Each structure stands twice: as structure tokens, then as C-alpha cells.
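Trainee:
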Amino acid sequence: MSRWIKNLFIFVIILVFISAFSSSYSSLNIDNLTYVLAIGIDASDDNKLEVSFHFSNPIPAESSASEKATPIINTVTASSLSNAINLVNGYQGRQLNLSHCKVIIFSEEVAQNGISDEIYTLINDTQVRPSANIIVSKCNAKFYMNQIKPEIENLLSKYYENFTDSSKYVGHMPDATIGDFFNALICKTCEPYAILRWN
Amino acid sequence: MPKSKLGTIEAIMLVLTIVVAHSVLSMPTNILSSYKSASILNVIYVSIIAIAIAYIIYRLLKNFPNMDIIDISESIGGKGFKNLVGIVFIIYFVLTASLMLRNFCESVQILYFPMTDIIFIITLIVIAVCIANRLNFSATAKTNVIILPIALIGVLFLFFTNINRFVPQRIFPILGEGVFNTFVLGLTNIASFGGIAYIYFLPPLLKDATKLKKITLISIIATSVYLIFTIATLLFIFTFFTNVSEISPLYTATRYIEFGSFFQRLESVFLLIWILVFACYLSIVLKFSIGIFQKVTGITNKKALIDVFGLLILGIALIPKNLAISQSFESKIYPYLMIAIVLFLGIGILIFANLAKKIKNQNAKNTVNNINDTIYDRKELTNE
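These protein sequence lines are chains A and B, in that order.
Add 10 to a position in the first sequence, counting from 1, and you land on the number used in this note's numbering.
Add 101 to a position in the second sequence, counting from 1, and you land on the number used in this note's numbering.
(1) Going by C-alpha to C-alpha distance, which of B:G361, B:F363, B:L372 sits closest to T355 of chain B?
(2) I'd like the ranges of any alpha helix (DSSP H) spanning at least 4 consecutive residues and lying wholly in the stretch 419–466 of chain B.
(3) Ends of the beta strand (DSSP E) at F65 of chain A?
(4) Find out if the Cβ-Cβ distance for the pair R104 of chain A, I145 of chain A is shorter than 8 Å.
(5) Below 8 Å, can you find three or more Cβ-Cβ pairs linking the stretch 164–175 of chain B to the stretch 452–465 of chain B?
(6) Figure out for me which residue from A:S109, A:D41, A:V86 has the closest Cα to the Cα of L47 of chain A.
(7) Pull up the distance between the alpha-carbon of P202 of chain A and that of C206 of chain B, whole angstroms please.
(8) Cα-Cα, which of B:I219, B:L162, B:F238 is closest to L107 of chain B?
(9) By the criterion of Cβ-Cβ separation under 8 Å, what are the contact partners of L335 of chain B in chain A?
(10) Please report the straight-line C-alpha distance between W14 of chain A and K404 of chain B, rounded to a whole angstrom.
(11) Just mark D190 of chain A as buried or exposed, buried being the case when its beta carbon has 16 or more other beta carbons within 10 Å.
(12) In this structure, does DSSP put Y357 of chain B in helix, strand or coil?
(13) Using a beta-carbon distance cut-off of less than 7 Å, what residues from the stretch 23–34 of chain A approach chain B?
(14) Going by CA-CA distance only, name the one from A:D175, A:V113, A:S54 that's closest to V86 of chain A.
(15) Quick one: which chain B residues come within Cβ less than 7 Å of N143 of chain A?
(16) Counting only the same chain and skipping the five closest in sequence on each side, list residues whose C-beta sits under 7 Å from that of Q365 of chain B.
(17) Using alpha carbons as the reference points, say which of A:G124, A:S34, A:S33, A:F63 lies closest to T44 of chain A.
(18) Would you mind telling me which residues of chain B sit closer than 8 Å to S37 of chain A, beta carbon to beta carbon, in chain order?
(19) Taking C-alpha atoms, which residue in B:I348, B:A323, B:I322, B:Y352 lies nearest to T334 of chain B?
(20) Taking the beta carbon of A153 of chain B as the centre, do at least 16 other beta carbons fall within 10 Å, making it buried, or is it exposed?
(21) Quick check on the DSSP output: the alpha helix (DSSP H) that includes F19 of chain A runs from which residue to which?
(22) Taking 8 Å as the CB-CB limit, is Y357 of chain B close to chain A?
(23) Quick check: the Cα distance between F363 of chain B and I24 of chain A, rounded to an integer number of angstroms?
(24) Is it buried or exposed for Q428 of chain B, if we count other Cβ within 10 angstroms and need 16 for buried?
(25) Based on DSSP bridge pairs, tell me the residues matched to G50 of chain A.
(26) Is any beta-carbon of chain A found at less than 8 Å from that of I348 of chain B?
(27) Let me know if C231 of chain B comes out buried or exposed under the rule of 16 or more other beta-carbons within 10 Å of its beta-carbon.
(28) Can you find at least 3 beta carbon pairs, one from the stretch 31–39 of chain A and one from the stretch 214–225 of chain B, that sit closer than 8 Å?
(29) Considering only residues of the same chain and omitting the five flanking positions on each side of V246 of chain B, which have a CB-CB separation below 7 Å?
(30) Going by the beta-carbon positions, is the gap between T317 of chain B and I300 of chain B smaller than 8 Å?
(31) Is the separation between the beta-carbon of I51 of chain A and that of L18 of chain A shorter than 8 Å?
(32) With C-beta atoms as the reference, is L377 of chain B less than 8 Å away from I248 of chain B?
(33) Buried or exposed for N484 of chain B, please, with buried defined as at least 16 other CB atoms from any protein chain shown within 10 angstroms of its CB.
(34) Go ahead and pull the three-state DSSP assignment for N107 of chain A.
(35) For the alpha helix (DSSP H) holding S147 of chain A, just list the boundary residues, first then last.
(36) Any beta carbon of chain B sitting closer than 8 Å to that of P140 of chain A?
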């Protein structure tokens, strides 16, 4: 009898833990997430931010390998970056995930007003990689994202990941990551730098 | 020879586990935010003091072979004093481990289980530790010998793979915020050597008690080297680690490791190793706390106590309302608790016990001399 009760107790404990951890499993499941490849931040008229999210669009399995994925860009206006993420999460069927975000683009106007709040928000987000690049765009950030049409690279995510690699062999473009940017931002004797693009 | 006795390597790893488990949490952040560019210098300075303290502890323990601090307390102050010292050490071990567990589980929750209640994560680890403690202690010690070297190699790996990101100039100004801050206020950093507390309880657990000197010195020197590598990695990568991130600074450093596009996101592997190290740490704490409790109360049934102590750890871990409160224990209360209990109380008891023993020996010697003198006088009188 005591052995039976012991087994039942173990079974109940296992069930409790399965149900407790399943919610985290389903929230981080690839089927319930939508991956952001790039974030564009523009200034809005009413002193708010216009935040654009560039999503990955997986190519269906039946399509050919050479077929290019069409970019999906969603834009929202919010008072801060975290509010913008929450807004998009509110109406999009899937939860936003920034773990594959390779590039963060600020329009020149936003950059001139200061971007430390946005950098702190992003660096505190455990999903954002310190290797994500920071770009300051002379044009509108959303316009910049729309104009990115890599000719050689099929995958947009691959393009975003590799386009700063040229910093290894030519000096035209630095490798300006958010990790280095944040380090320089909080250092009293350093100057943070970003990639400047005209498109 | 009983199977539960510890070998030299096992004992060294046991002391090291405590520091490795603490370093995974906010201990490096506290060091870096307090001593800034002088962090490495402070760790070297504190290491020298810790080695000296460890040697003093060894010298004081040497006169009481196969006795731990609880037995020594009994020899000088009787059963009441023994109980008092035992309870103080149990509170110190259980309180520290519980709140460290809470901090660690909070980090794990933020990273991998955002929708799971913290109680389930803590309970899962506590159950695993209780099951491990039902086995012989040598099982924990041997598991520790396998897992801890991996964690130590991991820190070396972290240091060398991030070397291209290092800015060695961050060591300047070499004295950080001044001599007083680095060398006087910096003395509280001795709390980083939490493993010293366990040396007091090692003598009766060792297979060969004569190796205590070797174990004490090697474990503290290895701890120093480990801390220097950890702090150097963080100091050279980050501009003083500000308190912006709730996640462990070592975890943040692992996120910088990338080998092209093939090997990325190695932080998951590191976190897995640290979970295992943390489980070993809790097993050790549980073993020592139960051992002390058994000595104090005379209860022989260990298995009944495992669940009680497991529940106690779980209960204390759930007391803080949030991560900020449990982290403030680690940064504001733990260092003073460690210094008061481990250094002042522990060394105080040992010094007092040694003095008492010396006086006792002196008295015994005097008594023998007096008896000899009396016999000699009587013999002389008889001859006359």
C-alpha cells in the first residue's frame, strides 16, 4: 500500500512539473514565435517613435531554393521601444522574438536626439545579441529597410549577418555592434560609434 | 576506511565549488562595481590575505586532529557552546545557500522559463539535491570532481576566446577609486572566499588528515586564480559592469563568444554546466548542515533530516519578494555575515581552544614536575 502511494505521489509530482514547465515550452516554441531580423527607429511628428520591425518570411518547403523571401515590415508608433514591441505583440498572432535581430537602424534625426534609452532597452533584453549591428541612416529607417534587396544573397538574415564582414578586409564600414556601443556609452572616456549609411 | 571519507582532490574541489557557485551570481558584479579598475589588484590583495588566513586556520586546526569546529567548541565551552556554534553555522550555510539558489533560479527563469513560476524551478533543484543526498556523500564528491573541472576549463575558455575583445587599459587607474577604497574597504571582499567556512569541518571527513595543509592551501590558491581569471575577463570586456542587467555577468560574457556562424550561442552550454555546479554546491551545503545538526542534536537518522532541510532551503528561498531583495542579501548582508561568522567566530574559537589546550598542557606539565620534585625530596629525606 505504501509503495502504491509513493508511486502515485511521484506520478503526481511529475504531472505538476510537466504542466508548470509546458507553458514556458509553448511560449518559446518556434511555432509561436515570429523572428525579427531588423528594427528601424524613426522620429514621429508627435514626439514619439516610429518603430519598424523587419520579419523573416520563411520560404515554403515546396518552393525552389533560388526563390527569394519577400520582406515583411510592420510599423507602429509608440512612446518607447518596449511599448512598440508590446503593441506589435498585441495584434500579431505570434510573439516577437529578437534573438535573430541582426541590425538596429536609427534615423539620423533620432540619433541626433540621443539613443541611450533605446540602447539600454535593447541591451537589457536577453534576446538581443551583443553582436547585433547599429546603423545610423541618413534617410528614413523604414525607407532604408524597404530598400534592402540583396542581389547575391537569397536569405535576408544571412545578408544582415554578413554585410559588416567587409570591415575585416576594407576600412569603409566598421563592425559597430550594440555590445561595443553600450560599453562605449557608459564609459566616461570613450565615444560610441555606429555605421553611417546613405543607402 | 569508510566510503564517505574524502580524498585530497575531492576536498579541494569541494572548497572550490562554493566559490564557483557564488561567482556565477552577482559576486563579480559587486566586486567590479565596488573597486572598478582596481578589481584585479583588490582580488590579488585579498587572495594573499585569504591564503594567510587559510594557513592560520590550518595551524590552529592542526592541534586538534580529526576534530571539526563543533567538536572543538564542545571541548572549550561544553555542550551549550557547541550547540550555539552549530546553530550559527547551520543558519549561515542554509541562509546563504537558499538566497543564492533564489538568485540563480531567477536568472534561469528570465532566460529559459519566462512563463514558469519560480517556485517550480526552485522545487525541481531542491528535489534533485535531496535525492542526491540520499546517496553516500562520496557520490556527490565524485560528481563534483567530474563537473567542477569542466566549469573551471569553461572560465579559461571564456577568458581566451574573448581575448580579442579585451581592452587591457581598463585596468587603469590602477588604484581605482583610491588606496582606502581598494585596500581598506576592499577587505570586505574576503567574503568572496566563502569556501574557507568548509575547511573548519573538513578534518573528520578526510581519508588522510595529514593532507589538510595541502588541501587548504591548494584550494585557496586555486580559488584565487579562478577569481583573477573571472574578474579579468569581465573587467577587460566590459566598461565597469553597471547594475543594468539582472543576469549573471559571466553569462553576459559568454554571449560574446562566437566562432564564425557555425559555433554561436554557447551560453546554453555554460548555463547547463553552472546548473550542475549549483546542484553540487547545494548538495554540499545540505550535507554539512545535516552533519552539524546531527552533532548538535544527536539524531542518527540522516534520511529524515534531508527532506526537512530541503524544505527549509525551499522555504527560505521563497521569502524574498523579488530578485532585487535576494540580490541585496548577496551584496549587502552576505559579506559581513561571512566575515563575522567564518573569520571572527571561527578563528576566535580556534585561538581560544589552542590557548586553553596550551594552558592545560602547561598545568599538566607543572603538576608532573611538582610530583617529580616531591618524589625527589622524599628520596633525599629517606637517604639522610
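Cβ coordinates follow ideal geometry from the N, Cα and C atoms, glycine included.
Source: prediction; values computed, not measured.
Mentor: The short version:
(1) By one-based count along the second sequence, residue 355 of chain B stands at place 254. Closest in alpha carbon position to T355 of chain B, among B:G361, B:F363, B:L372, is B:L372.
(2) 424–429, 435–439
(3) In the first sequence, counting from the first residue as 1, residue 65 of chain A sits at position 55. 59–65 is the span of the beta strand (DSSP E), which, as asked, contains F65 of chain A.
(4) For the purposes of this step, residue 104 of chain A is taken as residue 94 along the first sequence, with counting starting at 1. For the purposes of this step, residue 145 of chain A is taken as residue 135 along the first sequence, with counting starting at 1. No. Outside cutoff.
(5) yes
(6) In the first sequence, counting from the first residue as 1, residue 47 of chain A sits at position 37. Minimum Cα distance to L47 of chain A is reached at A:S109.
(7) Here residue 202 of chain A corresponds to residue number 192 of the first sequence, with the count starting at 1. Here residue 206 of chain B corresponds to residue number 105 of the second sequence, with the count starting at 1. Distance from the CA of P202 of chain A to the CA of C206 of chain B, rounded to the nearest whole angstrom, comes to 34 Å.
(8) The residue you call residue 107 of chain B lines up with position 6 of the second sequence. With distances taken between Cα atoms, L107 of chain B lies closest to B:F238.
(9) Indexing the second sequence from 1 puts residue 335 of chain B at position 234. None at all; the shortest Cβ gap to chain A is about 12 Å.
(10) Within the first sequence, numbered from 1, the residue matching residue 14 of chain A stands at position 4. Within the second sequence, numbered from 1, the residue matching residue 404 of chain B stands at position 303. Our two residues, W14 of chain A and K404 of chain B, have alpha carbons roughly 20 Å apart in a direct line.
(11) In the first sequence, residue 190 of chain A corresponds to position 180, counting from 1. Buried is the call here.
(12) Translated into the one-based positions of the second sequence, residue 357 of chain B becomes position 256. In the structure shown, Y357 of chain B sits in coil (DSSP, three-state: anything other than H, G, I, E or B).
(13) F27, A30, F31, S33, S34
(14) Position 76 of the first sequence holds residue 86 of chain A. Out of A:D175, A:V113, A:S54, A:S54 has the C-alpha closest to the C-alpha of V86 of chain A.
(15) Along the first sequence, one-based indexing puts residue 143 of chain A at 133. By Cβ distance, chain B contributes nothing, its closest Cβ being about 13 Å from N143 of chain A, past 7 Å.
(16) On the second sequence, position 264 is the one that residue 365 of chain B refers to. Result list for Q365 of chain B: E359, in chain order.
(17) For the purposes of this step, residue 44 of chain A is taken as residue 34 along the first sequence, with counting starting at 1. Of the listed residues, the one whose Cα sits closest to T44 of chain A is A:F63.
(18) Along the first sequence, one-based indexing puts residue 37 of chain A at 27. Here the neighbours are P215, M216.
(19) In the second sequence, residue 334 of chain B corresponds to position 233, counting from 1. For T334 of chain B, the nearest C-alpha among the options comes from B:Y352.
(20) Here residue 153 of chain B refers to the residue found at position 52 of the second sequence. So A153 of chain B ends up on the exposed side.
(21) By one-based count along the first sequence, residue 19 of chain A stands at place 9. Looking at the DSSP string, the run of the alpha helix (DSSP H) that includes F19 of chain A is 12–37.
(22) The residue you call residue 357 of chain B lines up with position 256 of the second sequence. Closer than 8 Å: yes.
(23) Your numbering for residue 363 of chain B matches position 262 in the second sequence. Your numbering for residue 24 of chain A matches position 14 in the first sequence. Straight-line Cα distance between these residues: approximately 36 Å.
(24) Within the second sequence, the letter at position 327 stands for residue 428 of chain B. Buried is the call here.
(25) Here residue 50 of chain A refers to the residue found at position 40 of the first sequence. Answer is A:S62, A:I115.
(26) Stepping through the second sequence from its first residue, residue 348 of chain B is reached at position 247. For I348 of chain B, the answer is yes, since a Cβ of chain A falls inside 8 Å of its Cβ.
(27) Position 130 of the second sequence holds residue 231 of chain B. Classification of C231 of chain B: buried, given that the 10 Å Cβ count is 16 or more.
(28) yes
(29) The residue you call residue 246 of chain B lines up with position 145 of the second sequence. Answer for V246 of chain B: I110, E111, M114, listed in chain order.
(30) Within the second sequence, the letter at position 216 stands for residue 317 of chain B. Within the second sequence, the letter at position 199 stands for residue 300 of chain B. Yes, they are a contact pair.
(31) If you number the first sequence from 1, residue 51 of chain A lands on position 41. If you number the first sequence from 1, residue 18 of chain A lands on position 8. Cβ atoms of I51 of chain A and L18 of chain A: not closer than 8 Å.
(32) Residue 377 of chain B sits at position 276 when you count from the first residue of the second sequence. Residue 248 of chain B sits at position 147 when you count from the first residue of the second sequence. Their beta carbons are under 8 Å apart, which means L377 of chain B touches I248 of chain B by this criterion.
(33) Your numbering for residue 484 of chain B matches position 383 in the second sequence. Classification of N484 of chain B: exposed, given that the 10 Å Cβ count is below 16.
(34) One-based indexing of the first sequence puts residue 107 of chain A at position 97. Strand, per DSSP.
(35) Taking the first sequence and counting its residues from 1, one reaches residue 147 of chain A at position 137. Element bounds for S147 of chain A: not the alpha helix (DSSP H) but the beta strand (DSSP E), 143–147.
(36) Position 130 of the first sequence holds residue 140 of chain A. Answer yes: the Cβ-Cβ gap between P140 of chain A and chain B drops below 8 Å somewhere.
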